[in-house]
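Asker: Residue numbers (the working numbering): 81 to 158.
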Amino acid sequence: MSAPTLEDVIEAIQEALVTAEGSSWDDLEREAYAHEIAVDVLAHRARAAIEADEDPLDPSAENDLIGRAIASYFGSGK
Numbered sequence: 081m082s083a084p085t086l087e088d089v090i091e092a093i094q095e096a097l098v099t100a101e102g103s104s105w106d107d108l109e110r111e112a113y114a115h116e117i118a119v120d121v122l123a124h125r126a127r128a129a130i131e132a133d134e135d136p137l138d139p140s141a142e143n144d145l146i147g148r149a150i151a152s153y154f155g156s157g158k
């Protein structure tokens with residue numbers, strides 16, 4: 081299993097927020113939900129890597145990836 085990319089995480093955030101579009105969330109709630117989704121995606125990828133006897137992404141790299149994905153998604157005016 082390959083390491084998750086920035087695009088993988090942004091895509092997961094986008095799909096989740098499109099699904100939740102009917103909600104009347106403010107920007108802070110949307111960003112918190114995006115963070116939750118990103119963490120969930122990376123947790124599933126880490127579990128799959130461990131089960132495949134591969135090294136998961138380093139926790140600091142995960143945090144960086146989550147931060148960059150959220151900044152990229154919300155910085156693009158979404």
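Note that CB positions come from ideal geometry on N, CA and C, so glycine has one too.
Between Asp146 and Leu122, how many whole angstroms is the CB-CB distance? I'm expecting something under 8 Å.
Answerer: What you label residue 146 is simply residue 66 of the sequence shown in a count that begins at 1. What you label residue 122 is simply residue 42 of the sequence shown in a count that begins at 1. The displayed chain sequence assigns Ile, not Asp, to residue 146. That belief holds up - the Cβ atoms of Ile146 and Leu122 are roughly 7 Å apart, short of 8 Å.
Asker: Hey, quick one: how far does the alpha helix (DSSP H) through Asp120 stretch, first residue to last?
Answerer: The count along the sequence shown starts at 1 and reaches residue 120 at position 40. Asp107 to Glu131 is the span of the alpha helix (DSSP H), which, as asked, contains Asp120.
Asker: Do Leu137 and Ala83 have their C-beta atoms within less than 8 Å of each other?
Answerer: In the sequence shown, counting from the first residue as 1, residue 137 sits at position 57. In the sequence shown, counting from the first residue as 1, residue 83 sits at position 3. Closer than 8 Å, so yes.
Asker: Check each candidate in Asp107, Asp133, Ala132 and Arg125 and name the one with the smallest Cα separation from Pro139.
Answerer: Within the sequence shown, the letter at position 59 stands for residue 139. Of the candidates Asp107, Asp133, Ala132 and Arg125, the one whose C-alpha sits nearest the C-alpha of Pro139 is Arg125.
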